[in-house]
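Read in order, the letters of the sequence shown correspond to residues 83 to 394 in the working numbering.
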Amino acid sequence: MTDVTNAQSFENDPQLSDYYALMKPRVMQLVVFTAVVGMLAAPVGVNPVVGFASILFLAIGAGASGALNMWWDADIDAVMKRTAKRPIPAGKVTAQSAMYLGVALSGLSVMMLSLSANLLAGFMLAFTIFFYVVPYSMWLKRSTPQNIVIGGAAGAFPPVIGWIIATGDIMVLEPWLMFALIFMWTPPHFWALALFMRNDYDDANVPMLTVTHGRRVTRNHILAYTVLLVILAVGTAFTGIGGWIYLATALVLNALFLKGAYDIWKRDEDMCEVDNFATERKFFRLSLWYLFAHFGAILLEALLKPVGFGGW
Numbered sequence: 083m084t085d086v087t088n089a090q091s092f093e094n095d096p097q098l099s100d101y102y103a104l105m106k107p108r109v110m111q112l113v114v115f116t117a118v119v120g121m122l123a124a125p126v127g128v129n130p131v132v133g134f135a136s137i138l139f140l141a142i143g144a145g146a147s148g149a150l151n152m153w154w155d156a157d158i159d160a161v162m163k164r165t166a167k168r169p170i171p172a173g174k175v176t177a178q179s180a181m182y183l184g185v186a187l188s189g190l191s192v193m194m195l196s197l198s199a200n201l202l203a204g205f206m207l208a209f210t211i212f213f214y215v216v217p218y219s220m221w222l223k224r225s226t227p228q229n230i231v232i233g234g235a236a237g238a239f240p241p242v243i244g245w246i247i248a249t250g251d252i253m254v255l256e257p258w259l260m261f262a263l264i265f266m267w268t269p270p271h272f273w274a275l276a277l278f279m280r281n282d283y284d285d286a287n288v289p290m291l292t293v294t295h296g297r298r299v300t301r302n303h304i305l306a307y308t309v310l311l312v313i314l315a316v317g318t319a320f321t322g323i324g325g326w327i328y329l330a331t332a333l334v335l336n337a338l339f340l341k342g343a344y345d346i347w348k349r350d351e352d353m354c355e356v357d358n359f360a361t362e363r364k365f366f367r368l369s370l371w372y373l374f375a376h377f378g379a380i381l382l383e384a385l386l387k388p389v390g391f392g393g394w
């Protein structure tokens, strides 16, 4: 990180919406959704007031992570077209203000989640914030093409925390299956983005796989990770959080996802120049629905409480 952003001139006072944007609201939505699914999929009921408060504090913790990430990445955000309009590079909020906001919200969210749910949930939230900010943002993102693979763990913890909110237990399989779904989904999701946004990562000197090893290797990795993800996703249907609804959803979505990964794998750069990475963009859009649909199916299974093998 550099101090350049702190020297910017600010024509207007920051608005509340600018501080909200620092918290990465789209990421917060995914965090909240997967955490709610993790909480409701647990075999123990949660008092609605306790559940609402706990998810609220988890969302605040996710927002704190976003603010701290934007503080640290302000220099590269200013270079990349995809992130240049974020509050700090756009000159709406100072990097120092983002840091103060992130630190304050981190402390508040961890303390309040520990009180509303249990100490283990608070500890896991604290670890998630730390992992996203320090190992991922400060180290992995700028040092290795495996940045998104290892760093993806930070985004995979919310359903585990949701489960802990309900049960106080971490030593069971189901929450880690939800963790694994997000963890294995993250690399093909972001590598698809990197295929058609490579120039951004080149300009910012971020060692994304497309930059360090090229698009051909990235295509190979997307297909390999997708195959592993498909096995995991379909296999989850036969566990305690699965069922007929989940299986039907997983079969359809994973067939489409696998086909999309194969279509990406067989393409070359000449084809991409002709259609402006249309296949890669389509796969990226599908990946957004992929995760929501799988967790939506897990949620339906939990609400309907089916019986049989696993959750059947």
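Glycine included, C-beta positions come from ideal geometry on N, C-alpha and C.
Residue span of the alpha helix (DSSP H) that contains residue i, given as start and end
i, result
"L277", "256-278"
"V161", "156-161"
"Y218", "Where Y218 is concerned, there is no enclosing alpha helix (DSSP H), given that its DSSP letter is neither H nor E."
"K341", "326-347"
"F115", "107-123"
"D100", "98-104"
"V293", "291-294"
Near the ligand SAH: residue i beta-carbon under 8 Å from a heavy atom
i, result
"I327", "No copy of the ligand SAH occurs in the structure displayed, which carries no ligand at all."
Residue i (DSSP reduced to helix, strand or coil)
i, result
"V192", "helix"
"N281", "helix"
"P227", "coil"
"T321", "coil"
"F359", "coil"
"I402", "As displayed, the chain neither begins before 83 nor continues past 394, which places residue 402 out of reach and without an answer."
"P240", "helix"
"V185", "helix"
"A199", "coil"
"V126", "coil"
"I252", "coil"
"A172", "coil"
"A379", "helix"
"D350", "coil"
"T308", "helix"
"R301", "helix"
Beta-carbon spacing of residue i, residue j below 9 Å
i, j, result
"G250", "A123", "no"
"R168", "L98", "no"
"A199", "S136", "yes"
"F278", "C354", "yes"
"W154", "M220", "yes"
"I327", "L373", "no"
"F115", "H271", "no"
"R164", "D282", "yes"
"P289", "R224", "yes"
"T321", "L259", "yes"
"A332", "A360", "no"
"R280", "R298", "no"
"H376", "L335", "yes"
"L311", "W267", "yes"
For residue i, the nearest candidate out of the options (CA to CA)
i, options, result
"E411", "Y102, P107, P125", "Because residue 411 is not part of the residues shown, which for the chain are 83 to 394, the question remains open."
"P240", "W371, W153, I142", "I142"
"V309", "A337, I327, Y283, I323", "A337"
"V216", "G325, M206, A236", "A236"
"N302", "G325, A343, G234, N287", "A343"
"S191", "L202, Y182, L207, M181", "L207"
"A379", "N151, I323, Y307", "I323"
"E362", "A375, H376, L340", "L340"
"L195", "A144, A375, V356, D100", "A144"
"L183", "H295, N151, Y214", "N151"
Distance between residue j and residue i (C-alpha atoms, nearest Å)
i, j, result
"P96", "S179", "10 Å"
"L329", "L381", "13 Å"
"V293", "V161", "16 Å"
"A319", "I246", "21 Å"
"A177", "P269", "28 Å"
"A139", "E351", "It is Phe, not Ala, that sits at residue 139 in the sequence shown. Distance between the alpha carbons of F139 and E351 is about 45 Å."
"V185", "K174", "19 Å"
"V254", "V242", "10 Å"
"L222", "W347", "26 Å"
"D284", "A276", "10 Å"
"G204", "G233", "20 Å"
"I230", "F261", "15 Å"
"L291", "K106", "24 Å"
"I158", "V132", "39 Å"
"M181", "G325", "44 Å"
"F134", "P171", "34 Å"
Interface flag, residue i vs chain C, CB-CB below 9 Å
i, result
"W326", "Judged by its chain identifiers, the structure shown contains no chain C, having just a single protein chain."
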